[in-house]
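The next block holds one structure in the form of structure tokens; read it before the comments.
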Amino acid sequence: MLEEQQQQKEQRKKEELLKIEQEQALREQQEAEARLAAMSKEERLLFAIQSLTESQADLEKSKSELYEEVIAQQNQEAALALRQYWEKTGQWKVNKKKKKQYDKVLSIKKLLNIE
Numbered sequence: 247m248l249e250e251q252q253q254q255k256e257q258r259k260k261e262e263l264l265k266i267e268q269e270q271a272l273r274e275q276q277e278a279e280a281r282l283a284a285m286s287k288e289e290r291l292l293f294a295i296q297s298l299t300e301s302q303a304d305l306e307k308s309k310s311e312l313y314e315e316v317i318a319q320q321n322q323e324a325a326l327a328l329r330q331y332w333e334k335t336g337q338w339k340v341n342k343k344k345k346k347q348y349d350k351v352l353s354i355k356k357l358l359n360i361e
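So for the sequence shown, the numbering used here puts the first residue at 247; every next one is plus one.
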């Protein structure tokens with residue numbers, strides 16, 4: 247009987263801790279969403295680029311939607327961040343045979359006024 251009460255007490259403690267952790271995670275998520283919502287579109291673009299990982303999905307995202315947004319905004323700060331990401335992932339120094347990426351690199355260089 248005493249052992250059963252002890253187990254129930256421990257189970258309640260675990261449930262309370264789990265609830266606290268879930269509430270904290272929810273608060274952190276809401277705070278992050280609020281910070282994102284308060285950012286300008288230029289700041290959100292820069293944040294998105296700086297948050298990229300080396301995963302294949304992020305690599306593709308950098309070459310499509312994020313690249314297109316950098317060009318549409320003519321955002322030099324985001325262009326520099328994209329260049330740094332591409333340098334880190336080996337997508338900056340490409341030969342002319344990889345025409346699409348080569349053209350994108352040239353566009354970013356032009357935006358950054360470098361050659």
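Even glycine gets a Cβ: it sits at the ideal position worked out from N, Cα and C.
- [ ] With a 10 Å radius around its C-beta and 16 neighbouring C-beta atoms as the bar for buried, classify Lys287 as buried or exposed.
- [x] Classification of Lys287: exposed, given that the 10 Å Cβ count is below 16.
- State the start and end residues of the unbroken alpha helix (DSSP H) segment that holds Thr299. Taken as a continuous stretch (DSSP letters only), Thr299 belongs to no alpha helix (DSSP H), as it is neither H nor E.
Ends of the alpha helix (DSSP H) at Lys345? Counting along the chain, Lys345 sits inside the alpha helix (DSSP H) bounded by residues Lys345 to Leu357.
What does the alpha-carbon distance come out to for the pair Glu267 and Thr335? Rounded to whole angstroms, the separation of the alpha carbons of Thr335 and Glu267 is 35 Å.
Q) What three-state label does DSSP hand Trp338 in the structure shown? A) Note: Trp338 maps to coil in three-state DSSP.
Next item on the list: State buried or exposed for Ile360, treating a residue as buried only when at least 16 other CB atoms are found within 10 Å of its CB.
Entry: Classification of Ile360: exposed, given that the 10 Å Cβ count is below 16.
Checklist entry - Going by alpha carbons, who is nearest to Glu314 out of Ser301, Ile354 and Lys265? => result The shortest Cα separation from Glu314 among Ser301, Ile354 and Lys265 belongs to Ile354.
Give the DSSP-derived three-state secondary structure of Glu250 in the structure shown. DSSP places Glu250 within a helical segment (H, G or I) once states are collapsed to three.
Just the C-alpha distance for Val340 and Tyr348, rounded to the nearest angstrom, thanks.
Looking at the two C-alpha atoms, the distance is approximately 6 Å.
Query raised in the report: How is Ser308 classed by DSSP in three states: helix, strand or coil?
Result: Judged by DSSP in its simplified three-state form, Ser308 adopts helix.
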